[in-house]
Amino acid sequence: MKFLTDFFPVILFFIAYQLYGIYTATAVAIAASVAQVGYNWLKKGKVERVHWITLAILVVFGGLTLLLQDRAFIMWKPTVINWLFGTVLLASQFIGDKPLIQRMMESNFELPGPIWRKLNLAWSLFFIFLGLLNLYVAQDFFTAEAQLIALTGVEQIDFDQCPTLFQGNVLEMCNTAHSLEEFWVNFKLFGIMGLTLVFAVAQAFYLARHMPDSAIEQEES
């Protein structure tokens, strides 16, 4: 349940995009993140640091997307967040007595020190990989959009209006750019969330091999 709650703004972003387009979806995602942080603050009296960081980055990059009407900022946002988390986790491998993952999770179960470090490194590399993968998926759209702008001179293109604005080869280019934008939105929800879920499940199986029997029995009960 917490996994789905953390992706709540992303899910609403996807729904709003299908109905109203990327700019409305961006505004909805910002509002959803603010609501998420506010709800946690009122209910629990505190907000996890990860949610504060995610909200701050979303407000900055989402705000620039809306202000400048430039999709590139919101598309860069997942990369910036994942690289930030990955870098912080990686730095904690070498700073302090315990890696960050251990400090966050050791109250829930016990693991040998070397396993905590392997877990921390694995999540660090995974976040960096997600950031690279997001950029790889978005890059095709960036290229298609840049080519379309260079050809038409129109910097703010409403892709839903492609058949009205263009014709011939230019219409085909506009439709291609729109398809690549849709592909990125689908990847943002299903790709990133799916990969994160698969990685978390794989980590759970790995950790089960190294947890003390008493801890496993406690988790099952």
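In my numbering, the protein residues as written are 731 to 951.
Note that CB positions come from ideal geometry on N, CA and C, so glycine has one too.
Q: Can you grab the Cα-Cα spacing for the pair S854 / A880, in whole Å?
A: 38 Å
Q.
With the cut-off set at 9 Å, would you say L919 and F803 are in Cβ contact?
A. no
(Q) Measuring only the C-alpha atoms, how far is F791 from A932? (A) 32 Å
Q | Opening and closing residue of the alpha helix (DSSP H) in which N905 lies | A | G898 to N916
Q: Mind the definition here: the region 888 to 902 touches the region 821 to 835 only if three or more C-beta pairs lie below 8 Å; say whether that holds.
A: no
(Q) Just verifying my parser: in three-state terms, what is the DSSP assignment at E840? (A) coil
Q) So Q799 is in the alpha helix (DSSP H); what residue range does that whole segment cover? A) No alpha helix (DSSP H) holds Q799; DSSP gives it neither H nor E.
Q.
Tell me whether the region 837 to 844 and the region 900 to 911 touch, counting them as touching only if at least three CB pairs, one residue from each stretch, are closer than 8 Å.
A. no
Q. Looking at C-alpha atoms only, which residue of K828, F935 and M923 is the closest neighbour of D736?
A. M923
Q. If we call anything under 9 Å between Cβ atoms a contact, is G921 one with I858?
A. no
Q: Compare the Cα-Cα distances from E778 to each of L772, L788 and V767 and report the closest residue.
A: V767
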